[in-house]
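Data block below; observations after.
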Amino acid sequence: MKSTYAEKGQNTTIKIKKKFNVRRRILNNWDIYLLLVPVLAYFIIFKYIPMYGVQIGFKDFIATKGITGSEWVGMKHFTRFFNSYYFWRLIKNTLGIGIYELAVAFPIPIILALMINEVRLNRFKKLVQNVTYAPHFLSTVVIVGMLFLFLNPQYGMVNNLLSAFGIKPISFMTEPGWFKTIYVLSHVWQQMGWSSIIYLAALAGVPPELHEAARMDGASRLQRIRHVNIPAIVPVIIILLILNVGNIISVGFEKVFLMQNALNMEASDVIATHVYKTGIMGAQYSYSTAVGLFNSVISFILLVVVNQISRKVSETSLW
């Protein structure tokens with residue numbers, strides 16, 4: 001009994017010491033912890049507090065009655081969405097664009113970073129970096145405007161080039177079959193340089209001794225890239241892959257909406273644009289909230305599942 005009481009006393013003392021150490025650490029580094037305040041405030045104000053309004057997806061929301069005064073209808077709006085004529089078209093287009101983007105846009109920054117890392121001429125390396133980074137700073141509106149100009153069937157640069165080879169002009173921006181390709185390739189062009197920065201940072205941390213040892217063993221440049229550089233950035237690749245898979249169904253609204261028109265609606269109508277049309281333009285707030293919540297839940301499930309698979313297969317995960 002005495003030993004039991006002694007152990008409890010020791011555990012209590014250890015807990016008190018830990019609390020005291022944490023408090024002292026915070027007080028000693030208060031200026032560093034103060035930097036966290038804007039970040040925490042942002043997430044609390046703009047991410048967590050608005051979650052209170054998610055409950056209108058389960059109600060027939062009427063603005064005059066407010067959230068608490070509106071009638072509870074349960075899964076009515078979810079059932080309406082699942083039975084909707086547009087449901088499978090929205091899922092097919094959203095997943096199609098998301099998977100296409102993951103398959104094409106995800107590996108290209110990795111390849112670009114590996115190529116830039118191998119350039120030994122600093123001036124040329126900086127030139128390539130500036131050229132590939134620059135499109136990231138163009139707004140989505142400007143990018144879509146450029147697409148309409150370059151792909152115009154009458155005077156667009158691309159169709160003029162096709163005409164020079166005897167190919168008939170193609171109306172890229174109105175044909176549904178071209179929508180996903182144009183969306184993904186333009187995204188690659190705009191973001192590949194910026195996305196490669198994190199891989200370049202990881203490659204900068206590779207110890208030079210590993211390359212020296214590989215050279216001593218007679219490894220060629222390609223072999224060093226394969227056996228030294230790529231293994232060094234695999235953890236970063238896995239983390240970003242998990243995050244990208246989690247967002248596979250959360251296709252961005254702005255660019256799709258700007259590229260969308262009545263002729264390509266069959267391929268461009270995604271969940272985000274459907275929520276905008278029904279929620280903002282149609283004032284069906286409860287229905288659009290239910291659709292948005294469905295999208296978020298699917299994204300969360302994908303994130304958790306992929307994270308679990310990654311943790312078992314590669315022992316690298318978000319948590």
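Each residue of the sequence shown is one higher than the one before, counting from 1 in UniProt numbering.
C-beta atoms are modelled at their ideal positions from N, C-alpha and C, and glycine is treated no differently.
task: Rounded to whole angstroms, what's the CA-CA distance from Gln-308 to Ile-301? Just pull it up for me.
output: Position 308 of the sequence shown, counted from the first residue, corresponds to residue 308. Position 301 of the sequence shown, counted from the first residue, corresponds to residue 301. Distance between the alpha carbons of Gln-308 and Ile-301: 11 Å.
field: Reduced DSSP category for Lys-168 - H, G, I as helix; E, B as strand; rest coil
entry: Here residue 168 is taken as the residue at index 168 of the sequence shown, counted from 1. The DSSP-derived three-state label of Lys-168 is coil.
- request: For the segment 93-110 and the segment 195-207, state whether three or more C-beta atom pairs, one from each stretch, are separated by less than 8 Å.
  value: The segment 93-110 is in contact with the segment 195-207.
task: Keeping to the same chain, check which residues put their C-beta closer than 7 Å to that of Ile-62; ignore five residues upstream and five downstream.
output: The residue given as residue 62 occupies position 62 in the sequence shown. Excluding sequence neighbours, Ile-62 sits near Ser-70.
Proximity of Val-184 and Val-54 at Cβ, strictly below 8 Å: As a first step, residue 184 is located in the sequence shown; it is residue number 184 there, counting from the start. As a first step, residue 54 is located in the sequence shown; it is residue number 54 there, counting from the start. Note that the C-beta distance between Val-184 and Val-54 is not below 8 Å.
task: Decide yes or no for the touch test of the segment 133-150 against the segment 245-263: beta carbon pairs closer than 8 Å, at least 3 of them.
output: Three or more Cβ pairs closer than 8 Å define a contact, and the segment 133-150 meets that threshold against the segment 245-263.
query: Are the beta-carbon atoms belonging to Gly-57 and Leu-243 less than 8 Å from one another?
result: By 1-based counting over the sequence shown, the position of residue 57 is 57. By 1-based counting over the sequence shown, the position of residue 243 is 243. If you check the CB distance, Gly-57 and Leu-243 do not come in under 8 Å.
Option in Val-144, Ile-45, Tyr-42 and Ile-271 with minimal Cα separation from Gly-252: For the purposes of this step, residue 252 is taken as residue 252 along the sequence shown, with counting starting at 1. Among Val-144, Ile-45, Tyr-42 and Ile-271, the Cα nearest to that of Gly-252 is on Ile-271.
message: Can you give me the C-alpha to C-alpha distance between Glu-315 and Leu-241, rounded to a whole angstrom?
response: Taking the first residue of the sequence shown as 1, we reach residue 315 at position 315. Taking the first residue of the sequence shown as 1, we reach residue 241 at position 241. The alpha-carbon atoms of Glu-315 and Leu-241 are separated by roughly 14 Å.
query: Below 8 Å between beta carbons: does that hold for Ala-202 and Ala-232?
result: For the purposes of this step, residue 202 is taken as the residue at position 202 of the sequence shown. For the purposes of this step, residue 232 is taken as the residue at position 232 of the sequence shown. Contact: yes.
task: Counting only the same chain and skipping the five closest in sequence on each side, list residues whose C-beta sits under 8 Å from that of Ile-26.
output: Counting from 1 along the sequence shown, the entry for residue 26 is found at position 26. Result list for Ile-26: Tyr-33, in chain order.
- request: Go through its chain and collect everything with a Cβ distance to Asn-159's Cβ below 6 Å, but skip five positions before and after it.
  value: In the sequence shown, counting from the first residue as 1, residue 159 sits at position 159. If we look at Asn-159 and ignore the five residues flanking it on each side, its Cβ neighbours are Pro-153 and Pro-169.
Candidates Leu-263, Lys-255, Leu-200 and Val-228: closest to Met-115 by CA position: For this step, residue 115 is matched to residue 115 along the sequence shown. Per the C-alpha coordinates, the member of Leu-263, Lys-255, Leu-200 and Val-228 positioned closest to Met-115 is Leu-200.
- prompt: For Asn-295, which residues of its own chain have a beta-carbon under 7 Å away from its beta-carbon, when the five flanking residues on both sides are left out?
  reply: Against the sequence shown, residue 295 aligns to sequence position 295. Excluding positions up to five away in sequence, the list reads Ile-249, Ser-250 and Ile-271.
- request: Please look up how many angstroms separate the CB atoms of Phe-78 and Phe-87, rounded, as I've assumed it's under 8 Å.
  value: For the purposes of this step, residue 78 is identified with residue 78 of the sequence shown, where counting begins at 1. For the purposes of this step, residue 87 is identified with residue 87 of the sequence shown, where counting begins at 1. Not quite, the Cβ-Cβ distance comes to about 11 Å (not below 8 Å), so this is no contact.
- request: Using three-state DSSP, classify Lys-59 as helix, strand or coil.
  value: Counting from 1 along the sequence shown, the entry for residue 59 is found at position 59. Residue state, collapsed to three classes: strand.
task: Return the chain-ordered list of same chain residues with a C-beta closer than 7 Å to the C-beta of Ser-310, the five sequence neighbours on each side being excluded.
output: Working through the sequence shown from its first residue, we reach residue 310 at position 310. The residues are Ile-238, Ile-242, Thr-316 and Ser-317.
Integer-rounded CB distance, given that Val-228 should sit under 8 Å from His-211: Taking the sequence shown and counting its residues from 1, one reaches residue 211 at position 211. Taking the sequence shown and counting its residues from 1, one reaches residue 228 at position 228. Confirmed, Cβ separation roughly 6 Å.
- prompt: If you drop the 5 nearest sequence neighbours on each side, which residues of the same chain put their C-beta closer than 6 Å to that of Lys-112?
  reply: Stepping through the sequence shown from its first residue, residue 112 is reached at position 112. The sequence given here has Leu at residue 112, not Lys. So the qualifying residues of the chain are Met-192 and Ser-196.
According to DSSP, residues forming a beta bridge with Trp-72: Taking the first residue of the sequence shown as position 1, residue 72 is located at position 72. Answer by DSSP bridge pairing, in chain order: Lys-59.
message: I need the DSSP call for Asp-269, collapsed to helix, strand or coil.
response: Against the sequence shown, residue 269 aligns to sequence position 269. Here Asp-269 sits in coil by DSSP.
field: Element boundaries [alpha helix (DSSP H), containing Phe-31]
entry: Locating residue 31 in the sequence shown gives position 31, counting from the first residue. Correcting the residue type first, residue 31 is Asp in the shown sequence and not Phe. For Asp-31, the enclosing alpha helix (DSSP H) starts and ends at 30-34.
field: Whole-Å CB distance - Thr-132 paired with Lys-255, under 8 Å assumed
entry: Along the sequence shown, one-based indexing puts residue 132 at 132. Along the sequence shown, one-based indexing puts residue 255 at 255. With a Cβ gap of about 19 Å, Thr-132 and Lys-255 do not count as contacting.
- request: Please report how far the alpha carbon of Asn-122 lies from the alpha carbon of Val-128, in whole angstroms.
  value: Stepping through the sequence shown from its first residue, residue 122 is reached at position 122. Stepping through the sequence shown from its first residue, residue 128 is reached at position 128. Here the C-alpha atom of Asn-122 lies approximately 10 Å from the C-alpha atom of Val-128.
query: Does the distance from the CB of Gln-223 to the CB of Pro-135 come in under 8 Å?
result: On the sequence shown, residue 223 is found 223 positions in, with the first residue counted as 1. On the sequence shown, residue 135 is found 135 positions in, with the first residue counted as 1. 8 Å or more divides the Cβ of Gln-223 from the Cβ of Pro-135.
Ranges of the alpha helix (DSSP H) found wholly within the segment 227-303, counting only runs of at least 4: Entirely contained in the segment 227-303, the alpha helix (DSSP H) runs reaching 4 residues are, in chain order, 230-246, 253-259, 265-268 and 271-275.
- request: Let me know the secondary structure DSSP gives Pro-207 once reduced to three states.
  value: As a working mapping, residue 207 is identified with position 207 in the sequence shown. Pro-207: coil per DSSP, three-state reduction.
task: Put Asn-122 into one of helix, strand or coil per three-state DSSP.
output: As a working note, residue 122 is residue 122 in the sequence shown. It is helical.
message: On a Cα-Cα basis, can you pick out the residue from Glu-118, Trp-319 and Tyr-287 that is closest to Gly-74?
response: Residue numbering aside, residue 74 sits at position 74 when the sequence shown is read from its first letter. The option with the nearest alpha carbon to Gly-74 is Tyr-287.
task: Specify the secondary structure class of Gln-154 as computed by DSSP and reduced to three states.
output: Here residue 154 corresponds to residue number 154 of the sequence shown, with the count starting at 1. Coil.
Residue range of the unbroken alpha helix (DSSP H) whose run includes Ala-103: Reading the sequence shown from its first residue, position 103 is the one you call residue 103. Segment 87-105, the alpha helix (DSSP H) holding Ala-103.
- request: Leaving out five residues on either side along the sequence, give the residues of the same chain with a beta carbon under 8 Å from the beta carbon of Phe-43.
  value: As a position in the sequence shown, residue 43 is number 43, starting the count at 1. No residues qualify anywhere along the chain.
- prompt: Using a Cβ-Cβ cut-off of 6 Å (strictly less than) and excluding sequence neighbours within five positions of Thr-289, which residues of its own chain qualify?
  reply: If you number the sequence shown from 1, residue 289 lands on position 289. Here the set comprises Ile-56 and Gly-57.
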